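Chemist: If you scroll down you'll find the structure; I have some questions about it.
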Amino acid sequence: MKTLAPFLVFAIAPLFAKSQNTNVADKVELKSKTEIKVVIKKIDRISNNPLKQNKDINAKKSNDLISVEAYIKSLQLKRKADLMS
0 MKTLAPFLVF
10 AIAPLFAKSQ
20 NTNVADKVEL
30 KSKTEIKVVI
40 KKIDRISNNP
50 LKQNKDINAK
60 KSNDLISVEA
70 YIKSLQLKRK
80 ADLMS
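So the sequence shown is numbered by numbering that gives the first Met the number 0: it starts at 0 and just counts up by one.
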């Protein structure tokens with residue numbers, strides 16, 4: 000009888016423990032949203048003469064910068080003309 004009691008406790012106790020536990024993962028729906036963004040950047044090839052290529056790139060950037068500064072200056076002049084009239 001002494002050996003039967005611990006055997007019954009170890010055999011029956013897990014059954015009670017399983018019936019009390021509820022698995023929350025079964026009730027929760029997993030919603031995962033994955034977004035993949037691919038960025039493609041245009042890379043200019045290095046020419047045979049990299050110094051010339053660098054000067055060309057710098058000249059292009061300089062012209063763009065000058066045109067932006069000229070546009071801002073023209074807007075300031077227009078605003079000044081509107082305020083004076």
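Beta carbons are placed, not taken as given, at the ideal position from N, Cα and C, and that holds for glycine.
What you are looking at is a predicted structure, and each value in this text was computed from that prediction instead of being measured.
Where Leu50 and Thr33 are concerned, what is the direct C-alpha to C-alpha distance, given to the nearest angstrom?
Modeler: Translated into positions along the sequence shown, residue 50 becomes position 51. Translated into positions along the sequence shown, residue 33 becomes position 34. Whole-angstrom Cα-Cα distance: 44 Å.
Chemist: What is the rounded straight-line gap between the Cα of Asn53 and the Cα of Arg44?
Modeler: Residue 53 sits at position 54 when you count from the first residue of the sequence shown. Residue 44 sits at position 45 when you count from the first residue of the sequence shown. When rounded, the distance between both Cα atoms is 12 Å.
Chemist: Alpha carbon to alpha carbon, what distance is there between Pro13 and Lys7?
Modeler: Looking up residue 7 in the sequence shown gives position 8. Looking up residue 13 in the sequence shown gives position 14. What sits at residue 7 in the sequence shown is Leu, not Lys. If you take the alpha carbons of Leu7 and Pro13, they lie about 11 Å apart.
Chemist: At the level of alpha carbons, what is the spacing between Ile35 and Leu82?
Modeler: Numbered from its first residue, the sequence shown carries residue 35 at position 36. Numbered from its first residue, the sequence shown carries residue 82 at position 83. Whole-angstrom Cα-Cα distance: 50 Å.
Chemist: When the Cα atoms are used, what is the spatial distance from Tyr70 to Asp55?
Modeler: Looking up residue 70 in the sequence shown gives position 71. Looking up residue 55 in the sequence shown gives position 56. Between Tyr70 and Asp55, the C-alpha separation is close to 23 Å.
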